[in-house]
Amino acid sequence: DAGVIQSPRHEVTEMGQEVTLRCKPISGHNSLFWYRQTMMRGLELLIYFNNNVPIDDSGMPEDRFSAKMPNASFSTLKIQPSEPRDSAVYFCASSLHRGRDTQYFGPGTRLTVL
Amino acid sequence: DAKTTQPPSMDCAEGRAANLPCNHSTISGNEYVYWYRQIHSQGPQYIIHGLKNNETNEMASLIITEDRKSSTLILPHATLRDTAVYYCIVRVESTDKLIFGTGTRLQVFP
Chain D
1180 DAGVIQSPRH EVTEMGQEVT LRCKPISGHN SLFWYRQTMM RGLELLIYFN NNVPIDDSGM
1240 PEDRFSAKMP NASFSTLKIQ PSEPRDSAVY FCASSLHRGR DTQYFGPGTR LTVL
Chain C
126 DAKTTQPPSM DCAEGRAANL PCNHSTISGN EYVYWYRQIH SQGPQYIIHG LKNNETNEMA
186 SLIITEDRKS STLILPHATL RDTAVYYCIV RVESTDKLIF GTGTRLQVFP
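Chains as they are written, first to last, in the numbering used here: chain D, 1180 to 1293; chain C, 126 to 235.
The following block contains the structure:
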C-alpha cells in the first residue's frame, strides 16, 4: 500500500497568493483528517471528513481556510489569501472508519508564505 | 487542550529499554490511551493503544496502571532510529479527534 500521499511536499509562495494542498488517503479508508503543525502551537486538528462529508471544522483558523473532499480518494485544503502566519507543516491522515481506528499520516506539506 | 502530561525530554542508551511515562489523571472510563511518535520531519506514526489491560505489539509495550491515571510506553531495546518525539494521547470519547500535546523528545545515544 502506498500510504497517504500528499502534494506538494514543499510550497513557497508570497503573501496574498492562493495555496492548494492535496491529499490522497489510503484506499478504502472512510475518514480523512487535516492537521497543521507549528513550533508555537504544536500539532492541531483543522478539519475531518467521514465518507466525504465534513464532520468537524472547528479547528479551521478562519474563513481564509477551506477544505473539500469531492470523492473518497481526494481532498484539498485551500488557503486564500495566504499570510506569513500560515507557514507550517500540513499533514493529512486517514483511517478506516470513524472512532478509535488508527490514523495513518502522510509525509506532510511544508508551506512557507513570504 | 491535551489531557495528558509527559516529561519534555528523555535520554536512553542504545540497546537499553526506554520507559516513557504519561499522566492522564482525568481519563474517563471509555477513553483509550494512544501512543504515536514523530521522527524528525515525518508524519506521526501509530505505535500502540490500550484501554485498561497491558498491551504489546512488535514495536512496544503499554503498561496502564490499575486506576488508569497513568501509563508507560516501553521500547524494549531502543535503537538510534527510535529517536523521536513520543505523544501520549487520550482519545476523546464520542469524537474522532486525536489531541496532541507537547510529547516527550526521546534521544537514543550510542
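C-beta atoms are modelled at their ideal positions from N, C-alpha and C, and glycine is treated no differently.
Interface with chain C (8 Å Cβ-Cβ cutoff): Ser1252(D) is excluded. The beta carbon of Pro169(C) falls within 8 Å of a beta carbon belonging to chain D, placing the residue at that interface.
In the structure shown, the three-state DSSP call for Pro1187(D) is coil. Contacts with chain C (Cβ-Cβ distance below 7 Å) from the stretch 1211-1230 of chain D involve Gly1221, Leu1222, Leu1224 and Tyr1227, listed in chain order. With respect to the 8 Å criterion, Val1183(D) and Glu1190(D) are not classified as neighbours on the basis of their beta carbons. Judged by DSSP secondary structure, Gly1221(D) falls within the beta strand (DSSP E) whose first and last residues are Gly1221 to Asn1229. By the neighbour-count definition (other C-beta atoms within 10 Å, threshold 16), Met1219(D) is an exposed residue. Counting of Cβ neighbours within 10 angstroms places His202(C) among the exposed residues, the total staying below 16.
Per the coordinates, the alpha-carbon of Ser1274(D) lies some 19 Å from the alpha-carbon of Leu176(C). With a threshold of 16 other beta carbon atoms within 10 Å, Lys194(C) falls short and is exposed. Counting only the Cα atoms, Val210(C) lies some 16 Å from Gly1287(D). Residues Met135, Cys137, Ala143, Leu145, Asp207, Thr208, Ala209 and Tyr211 of the same chain have their beta carbon placed closer than 7 Å to that of Leu231(C), with the five preceding and five following residues left out of the count.
Residues are counted here when their Cβ sits less than 8 Å from a Cβ of chain C; for the stretch 1271-1289 of chain D these are Ala1272, Ser1274, Arg1277, Gly1278, Arg1279, Thr1281, Gln1282, Tyr1283, Phe1284, Gly1285, Pro1286 and Gly1287, given in chain order. Identification of chain D residues near Thr197(C) by a Cβ-Cβ cut-off of 9 Å yields none; the smallest Cβ-Cβ distance measures about 20 Å. With contacts defined by Cβ atoms closer than 8 Å, Lys1203(D) and Phe1253(D) form a contacting pair. By the Cβ-count criterion, Glu156(C) is buried, with 16 or more other Cβ atoms from all chains shown falling within 10 Å of its own Cβ. For Val158(C), the enclosing beta strand (DSSP E) has its first and last residue at Val158 to Gln163. Looking at Val233(C), Pro235(C) and Phe225(C), the one whose alpha-carbon comes closest to that of Tyr171(C) is Phe225(C).
When Cβ-Cβ separations below 8 Å define contact, Phe234(C) makes no contact with chain D. Residue pairing by DSSP places Lys1203(D) opposite Ile1184(D) in a beta bridge.
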